[in-house]
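Participant: Numbering-wise (our numbering), the sequence shown opens with residue 854 and increments by one.
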Amino acid sequence: MGRLKKIEILRSDLLEHPSVRAWRELGPRRVEPEQIEVLKGEKKSSVFRLAGVGPGNSAVIAKRCRQAIADVERAIYEDVLPDLPVTTPRYYGAVEEHDDAFSWLFLEDAAGENFSGRSDLHRSLAAEWFGAMHTAASGLAAAARLPDRGPAHYLGHLQAARGNILRHFDNPALDAEDRDLLQKFVSSLDLVECDWSRVEALCREMPRTLVHGDIAGKNAHVRRDAGEPILIPYDWEMAGWGVPAVDLLYADLDVYAAVVADAWPGTDARILQDWLHVGNLLRGALAPISWQSPLLRYEWAHREMAGMKVFYPMLRDAIRATGIDGH
């Protein structure tokens, strides 16, 4: 879990808190925390920091999420990451709730700073980390059994985004300028879907491997071990079996090329630039548009258009870069 801001600090009745009751089921040496910091308190997902219950009085992150998401993350922490040559947070275990709808995941709270795609150091660390993970995981059977995160997954994002835009196009909270932009979105998404075979062809040129699918400041941080900076990604709920392009948005391509050279000969800077264009389309544009578009249903939809205005030029640039509108 990245360095989320504290929403609230709890100091009383801690043993009765759901996160502590679940933590107890793992049989830890220490159950009662010094305090509980609420980092995220949504109905579908919540995150807490349990102070002092980990080894050496360290903090433990308790994450409650839907069972389907927990199953993916649990498989990655238990069956995949231990066999890969990458740094990871310590995983303490998982506890299913009695109704089977939600599960708890417990992880080390490693100190560090949020990952930043603007930092040359962080981009270099990302290239080294993902290069090592991608090449090692490409032959791992446990990784290949994870959910599909290839082009079909992102075609689903495209179709969901367009459906949301059309469904909420007449929301009275949207003005004429908003609707003009939304119509441009629909036309651009139609264009991409009509030439989706090109996207599939570009993806066929890449190896399949484990992908994180959501590298960002909130999902990774950088800490120092023995004075050396290392990258620690978290939150694998978007992860699965896909193409490495979706993890390259904030990676130094020259460093990545050097890391993967032995495993994937011929993967030079030109090829990686093509991969990056695909990553910008799939993960940089289609996925976030899909995530943002459901918010158009609300009475404050005009405010949510600020995000859509950011995503539109990203979509258009990615379309041009991949050659989709070049015929």
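Every residue, glycine too, gets a C-beta built ideally from N, C-alpha and C.
Please report how far the alpha carbon of residue 1001 lies from the alpha carbon of residue 925, in whole angstroms.
Facilitator: 11 Å
Participant: Taking the CB atoms as reference points, tell me whether residue 989 and residue 937 lie closer together than 8 Å.
Facilitator: yes
Participant: Pair every Cβ in the region 959-975 with every Cβ in the region 1054-1071, then say whether three or more of these pairs are closer than 8 Å.
Facilitator: Taking 8 Å as the limit for Cβ pairs, the verdict is that the region 1054-1071 does touch the region 959-975.
Participant: Excluding the 5 residues flanking residue 888 on each side, which residues of the same chain have their C-beta closer than 6 Å to its C-beta?
Facilitator: Taken in chain order, the residues that qualify are 862, 864, 904.
Participant: Quick check on DSSP: helix, strand or coil for residue 1040?
Facilitator: Here residue 1040 sits in helix by DSSP.
Participant: Hey, could you find the ends of the beta strand (DSSP E) residue 1086 is sitting in?
Facilitator: 1081-1086
Participant: Counting C-beta neighbours from all protein chains within 10 Å, is the total for residue 1133 16 or more, i.e. buried, or is it exposed?
Facilitator: buried
Participant: Assign residue 869 to one of two classes, buried (16 or more other C-beta atoms within 10 Å of its C-beta) or exposed (fewer than that).
Facilitator: Counting other Cβ atoms within 10 Å of its Cβ, residue 869 stays below 16 and is therefore classed as exposed.
Participant: Using C-beta distances below 7 Å, list every residue in its chain close to residue 1165, excluding the 5 sequence neighbours before and after it, in chain order.
Facilitator: Close CB contacts of residue 1165 within its chain, under the 7 Å cut and outside five residues either way in sequence, are with 1034, 1037, 1038 (chain order).
Participant: Are at least three pairs of beta-carbons, each pair with one atom in the region 891-911 and one in the region 971-989, less than 8 Å apart?
Facilitator: The region 891-911 makes no contact with the region 971-989, as fewer than three CB pairs between them are under 8 Å.
Participant: How far does the beta strand (DSSP E) with residue 945 in it reach, from first residue to last?
Facilitator: Judged by DSSP secondary structure, residue 945 falls within the beta strand (DSSP E) whose first and last residues are 944-949.
Participant: Just confirm the distance between the C-beta atoms of residue 906 and residue 884, as a whole number of angstroms; I'd bet it's less than 8 Å.
Facilitator: 7 Å
Participant: Specify whether the region 1039-1053 and the region 1011-1020 touch according to this definition: at least 3 beta carbon pairs, one from each stretch, less than 8 Å apart.
Facilitator: yes
Participant: May I ask you to report which of helix, strand or coil DSSP gives residue 913?
Facilitator: Residue 913 falls in the strand class under three-state DSSP.
Participant: Leaving out five residues on either side along the sequence, give the residues of the same chain with a beta carbon under 7 Å from the beta carbon of residue 981.
Facilitator: 1108, 1112
Participant: Given a cut-off of 8 Å, decide if residue 1082 and residue 978 are closer than it, judged by their beta-carbon atoms.
Facilitator: yes
Participant: Considering only the alpha carbon of each residue, which of 1063, 1177, 918 lies closest to residue 1131?
Facilitator: 1177
Participant: Thinking C-beta only, is residue 961 closer than 8 Å to residue 976?
Facilitator: Cβ atoms of residue 976 and residue 961: not closer than 8 Å.
Participant: Can you tell me whether DSSP reads residue 894 as helix, strand or coil?
Facilitator: In the structure shown, residue 894 sits in a strand (DSSP, three-state: E or B).
Participant: Please return the same chain residues whose Cβ sits closer than 8 Å to the Cβ of residue 1003, not counting the five positions on each side in sequence.
Facilitator: Hits under 8 Å: 1056, 1061, 1094, 1095, 1096.
Participant: In or out: residue 1020 buried (at least 16 other Cβ within 10 Å) or exposed?
Facilitator: exposed
Participant: Smallest Cα separation from residue 1136: which of 1101, 987, 1110?
Facilitator: Closest by alpha carbon: 1101.
Participant: Spell out the partners DSSP gives residue 863 in its beta bridges.
Facilitator: 889
Participant: Spatial neighbours of residue 876 within its chain, please: C-beta separation below 8 Å, excluding the five flanking residues on both sides.
Facilitator: 884, 903, 906, 913, 915, 948, 957, 959
Participant: Among the candidates 1157, 901, 860, whose CA atom is the shortest distance from the CA of residue 873?
Facilitator: 901
Participant: Below 8 Å between beta carbons: does that hold for residue 929 and residue 1140?
Facilitator: Between residue 929 and residue 1140, the gap from beta carbon to beta carbon reaches 8 Å or more.
Participant: Using alpha carbons as the reference points, say which of 1174, 1170, 1148, 1168 lies closest to residue 1125.
Facilitator: 1174
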